[in-house]
Amino acid sequence: MVLWVDRKDRMWIGSMRGAWCYDPATGQLKQYSTKNGLVDNTVYAFQEDLQGNMYIATQGGLSILGVNEQIKNYNRSNGLPNDRCEGLLRDANGYIWIGNLNCLIRYDPEHQKFAIFQEGVGFNHAGFRIRSALMDPTGKMYWGTDKGLLYFYPDQLNNSYRILHPFIHGMMARQTMYRFTQPVSIELPFATSSFVFYFSSGELTGDKKNQIRYRLRGFDEDWQTPVVTGQALYNRLPPGNYTFEIKASADGINWQEAPFPVQFSIHQPWWQTTWFWLGCILLVLGIVVLLFRRYKRKKQLEAIQDSIDYFANSNQEYASVRDIFWDICRNCVSRLGFEDCVIYTPDSVKTYTGTTSRIRPQTKRHT
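Heads up, the sequence shown is in this note's numbering, so the first residue is 206 and it goes up one at a time.
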């Protein structure tokens, strides 16, 4: 059981059946449990922020009871590294500090953000003890752990907290290593079959709690977790435009992205390019035009040959020259599409001022 008195002199009682709030001014006793919104019934600690919101640390997470009686819960599903919250303290700046199994969490009530402090910022990874948190009049905090006593000034711990600076060092493609110190855009041929990206979180303390994610925009829908530390491998990427980017976090909540994402494009094969298809279309059109012209020329030659064959075979049927001339006139008009045909014949002294033979369409032959 845990007892705590807030600034309104209300007494808060924590047990394994939830939390109770007793108000001496009204004599009322109100219970809070999982039935009316508490994250868990096993209560370990209480705390109050400067706005009057109540914080309830439980075995299953953190519950924040607002002044409007609305409860907001946090656990591993929405921000906490662990469910179990063993202790609560409030520093001079109004931040709420939470002992969360094997790490410390600083909660900013104004902006509703968490900052997580784990192994590597000055304390060991031993688990915190239940109801073993105290802050003295000078602002120094004391936390009981499984391996002794942890104490610090919150401002000193804040200064030791570092923001990660993730960075993409290089990319291996087509047996060539590309190094990056500034934004780049790379063009690669279609035959590029594999890519290996090299990156780091930028943290040099060796903290194993740091997290890093990567994503290849244009291929990945979500952020990916590296299988091999500091590397990402892609095989057989289709032609297109891509951007490789990473982000890193020390607490899993606040993420920092690399300043220089790598942009690259893979060209389409020559048989998929626009110029290739335009060339194919032009080639097909050229072949069609050539075949049409050859067909038209063949028809013209066949018509001429038919006319020659006709005249050659019909000459034997007519006894006079005039009949042959009239036959020629009719065929010229009908086969060659003429509107009129005139034939001049020489007279007996070989001059060309004499006889004229002609025929018009839709008229009867006459002499």
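The beta carbon of each residue, even a glycine, is placed where N, CA and C say it ideally should be.
For residue i, name the three-state secondary structure that DSSP assigns.
i	result
Y500	helix
K277	strand
T479	helix
N246	coil
V207	strand
L438	strand
L488	helix
R212	coil
S365	Since pLDDT at S365 reaches only 47, below the 50 mark, its modelled position is unreliable, and the value read off the structure follows with that caveat. It is helical.
R334	strand
L495	helix
L285	coil
Q505	helix
Q323	coil
Q473	coil
C534	helix
Report the partner residues of residue i according to the DSSP bridge assignment.
i	result
S454	Q416
E253	M259
K318	D313
C226	W217 and K235
C308	N305
W384	Position check: residue 384 holds Arg in this sequence, whereas Trp was assumed. Per DSSP, G375.
Y356	Y347
R295	I301
T448	R422 and Q468
V389	V467
L339	Y347
S399	N440
Q429	Y419
E462	K452
G266	T263
S405	F372
Does the Cβ-Cβ distance between residue i and residue j come in under 9 Å?
i	j	result
I391	Q468	yes
G266	R281	yes
S268	D296	no
A455	H370	no
L234	G219	no
R420	F385	no
E291	L306	yes
I471	I417	no
F400	M376	yes
G257	R289	no
L589	T478	The shown model of the chain, from 206 to 572, leaves out residue 589, and the question about it has no answer.
A250	A338	yes
W216	P229	Reading off the sequence shown, one finds Met at residue 216, where the question assumed Trp. Yes, these two residues count as a Cβ contact at 9 Å.
F465	Q361	no
Evaluate residue i with the Cβ neighbour count: other Cβ atoms within 10 Å of its Cβ, from every protein chain shown; 16 or more gives buried, anything less gives exposed.
i	result
N283	exposed
Y523	The predicted model places Y523 with a pLDDT of 48, which falls under 50 and marks its position as unreliable, so this point remains unresolved.
C534	buried
L294	buried
I564	Residue placement at I564 is poorly supported in this model, since its pLDDT is 49, which falls under 50; the coordinates still yield a value, given next. Per the 10 Å Cβ criterion, buried.
T231	exposed
R311	buried
S365	Because S365 sits at a pLDDT of 47, beneath the cut-off of 50, its placement in the model cannot be relied upon, and the following sentence gives the value as read from the coordinates. Per the 10 Å Cβ criterion, exposed.
Q429	exposed
Y279	buried
S405	buried
G223	buried
Q252	buried
D214	exposed
T343	exposed
A437	buried
C485	exposed
G491	exposed
I513	exposed
G304	buried
W475	exposed
I509	exposed
Quick test of your reading: residue i and residue j, contact by CB under 8 Å. State the CB separation rounded to the nearest angstrom.
i	j	result
I458	F322	I458 to F322, Cβ: 12 Å. No contact.
T350	R334	6 Å
L243	I276	7 Å
I261	V272	14 Å between Cβ atoms; not a contact.
G435	Y403	6 Å
R347	Y358	Before going further, note that residue 347 is Tyr rather than Arg in the sequence given. Not confirmed; about 11 Å, so no contact.
Say whether chain D places a C-beta atom closer than 9 Å to the C-beta of residue i.
i	result
G484	This model lacks chain D altogether, as it is built from one protein chain only.
Can you find a heavy atom of the ligand MG that lies under 8 Å from the Cβ of residue i?
i	result
I509	As far as ligands go, the structure on display features none, and thus does not contain the ligand MG.
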